[in-house]
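Residue numbers (the UniProt record's numbering), protein chains in the order written: chain A, 1 to 193; chain B, 1 to 275.
The beta-carbon is built from N, C-alpha and C at its ideal position, and this holds for glycine as well.
Quick caveat, the model's predicted, so the values are computed rather than measured.
Only one structure is covered here, and it is reproduced in the block below.
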């Protein structure tokens, strides 16, 4: 039985005196500047780096030491195509912020997420993946919190992503809204031309 | 202002253009939109073919660097435009040298395409040129953004954002008045009338932002040409996934250019968006 991500996290969340809505109404955004939104509801990460470390998970936010073969293995495990290493390296070199989770016992990369953009106004998050064997532990949220915090710290005010239908529900509690103001995601399709 | 067009070349409209109804010049940034009211024309295919041929011989000296050859995306479907261009390029041997430059008042480099060319009654030559690598002055851009009603952003930030963009595409209007003195050509003026940019990881994905065209020049298909040329440039660089976020009123504009909304049900999501 798989508990939902939120189900698991409730075990780790500190007791909060204030309980903000999980799905704040749109009206609340209008008057608040981006800076007033903490990355998480509690203002702290759902799981600390120490918590994670003690369970064998190491968070890395640099592309130094990232093993492209291990990264490709992770991609393949979640159904992404294996990427050509030269191209993958080039993509990582032109990535604004990234995060990977090193699992100490196996030595594998079991989580990854990255963001591209102009480093000033816009960022897009891509390739958010967690090894299926480690899903349901809140690691997706762990990654997203830190990635967003890093982008916010850089002053990037527009953070967007493209979500497959089955993960829209994962991103909503993290503060993402789909099609705000009727904006639609579009992708070029060579078939159509 | 009466204009006599001796050469009118609309080089980049798709030959099979179906005469779409009102084309909104698009904006894929979440804070703005630019509306255009008139209809985008669609000249007959035959005219385009003949214009393309003659203009290529005169003006389109796209340098065939080995890099460009390697990156030529053979998977791109060859439209009429592409097959003509590749056909003409094939006639010159594989060269890695500078292209021959004729006595041309407009110095085109790779990534530049003349979209419109007009000669006015007084002899002024006007050209609208698309470029994917031209310098965009932030103050010119600020003026342009004012014209379409976009909020101003700190110029230093805009400059940095442009520098950090993978591609900055521009539409410039070049105006060369007739020379008062027979020998000395008059100074050519250049004005920014459109822009679009893309961020990318230089390998897999690109996202197009900030598409805008000066309202004075809207309604001529320039927005379509801008985005279409940009897409081609990105495909030539082997970027397989070209995305954008479209305001509701310009979704159809982009559909007409080959973009699909919510592909496979994928939804665009924004983190605590500001309205």
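At least 8 Å separates the CB of residue 151 of chain B from every CB of chain A. When rounded, the separation of the alpha-carbon atoms in residue 95 of chain A and residue 186 of chain B is 46 Å. Shortest Cα-Cα distance from residue 84 of chain A to any of B:208, B:203, B:269, B:133 involves B:203. The three-state reading of DSSP puts residue 166 of chain B in coil, since its state is none of H, G, I, E or B. In this model, residue 101 of chain A and residue 158 of chain B are separated by some 34 Å (Cα to Cα). Under the 8 Å criterion on CB atoms, residue 244 of chain B is classed as interfacial with respect to chain A. Within 10 angstroms of the beta-carbon of residue 50 of chain A lie fewer than 16 other beta-carbons, which makes it exposed.
Taking the Cα of residue 45 of chain A as reference, the smallest distance to any Cα among A:141, A:76, A:68, A:179 is reached at A:141.
Taking 8 Å as the cut-off, the Cβ atoms of residue 205 of chain B and residue 241 of chain B count as close. Here residue 143 of chain A is not near residue 174 of chain A, since their CB atoms are 8 Å or more apart. Within its own chain, the residues whose Cβ lies closer than 6 Å to the Cβ of residue 122 of chain A, once the five positions on either side in sequence are excluded, are 158, listed in chain order. The secondary-structure analysis by DSSP pairs residue 143 of chain B with nothing; it has no beta-bridge partner. Taking every protein chain shown into account, the CB of residue 269 of chain B has 16 or more other CB atoms within 10 angstroms, so this residue is buried. By the criterion of a C-beta distance shorter than 8 Å, residue 88 of chain A is surrounded in its chain by 68, 71, 72, once the five residues flanking it on both sides are discounted. When Cβ-Cβ separations below 8 Å define contact, residue 155 of chain B makes no contact with chain A. By the rule that beta-carbons nearer than 8 Å mark a contact, residue 117 of chain B does not touch chain A. With respect to chain B, the C-beta atom of residue 184 of chain A has a partner C-beta closer than 8 Å.
For residue 148 of chain A, the enclosing alpha helix (DSSP H) has its first and last residue at 139–153.
Identification of chain A residues near residue 185 of chain B by a Cβ-Cβ cut-off of 9 Å yields none; the smallest Cβ-Cβ distance measures about 38 Å. Burial is judged here by how many other beta carbons sit within 10 angstroms of a residue's own beta carbon; residue 161 of chain B has at least 16 and is buried. The straight-line gap separating the alpha-carbon atoms of residue 184 of chain B and residue 210 of chain B is approximately 39 Å. According to the DSSP assignment, residue 262 of chain B belongs to no alpha helix (DSSP H), since it is labelled neither H nor E. Residue 199 of chain B is bridged by DSSP to B:207.
Shown here, residue 44 of chain A sits in coil according to DSSP, grouped into three states, outside any helix or strand.
Distance from residue 186 of chain A to residue 246 of chain B at the Cβ level is roughly 5 Å; contact confirmed, criterion being Cβ atoms closer than 8 Å.
The Cβ-Cβ distance between residue 229 of chain B and residue 169 of chain B falls below 8 Å.
Residue 75 of chain A and residue 92 of chain A have their alpha carbons spaced roughly 14 Å apart. If you ignore the 5 residues before and after residue 197 of chain B, its C-beta comes within less than 6 Å of the C-beta of 165, 168, 209, 210, all in its own chain and listed in chain order. Looking at the backbone, the Cα of residue 140 of chain B and that of residue 172 of chain A are separated by about 39 Å. Under the Cβ criterion of 8 Å, residue 111 of chain B is not counted among the residues facing chain A.
Within chain B, the residues whose beta carbon sits less than 9 Å from that of residue 178 of chain A are 267, 268, 269, 270, listed in sequence order.
Of the other Cβ atoms in all chains shown, fewer than 16 fall within 10 Å of the Cβ of residue 48 of chain A; this residue is therefore exposed.
Residue range 97–103 is occupied by the beta strand (DSSP E) that includes residue 103 of chain A. Closest by C-alpha distance to residue 166 of chain A, out of B:265, B:131, B:144, B:136, is B:265. Judged by DSSP in its simplified three-state form, residue 246 of chain B adopts strand. Here the stretch 108–117 of chain A does not lie against the stretch 218–227 of chain B, with fewer than 3 beta-carbon pairs under 8 Å apart.
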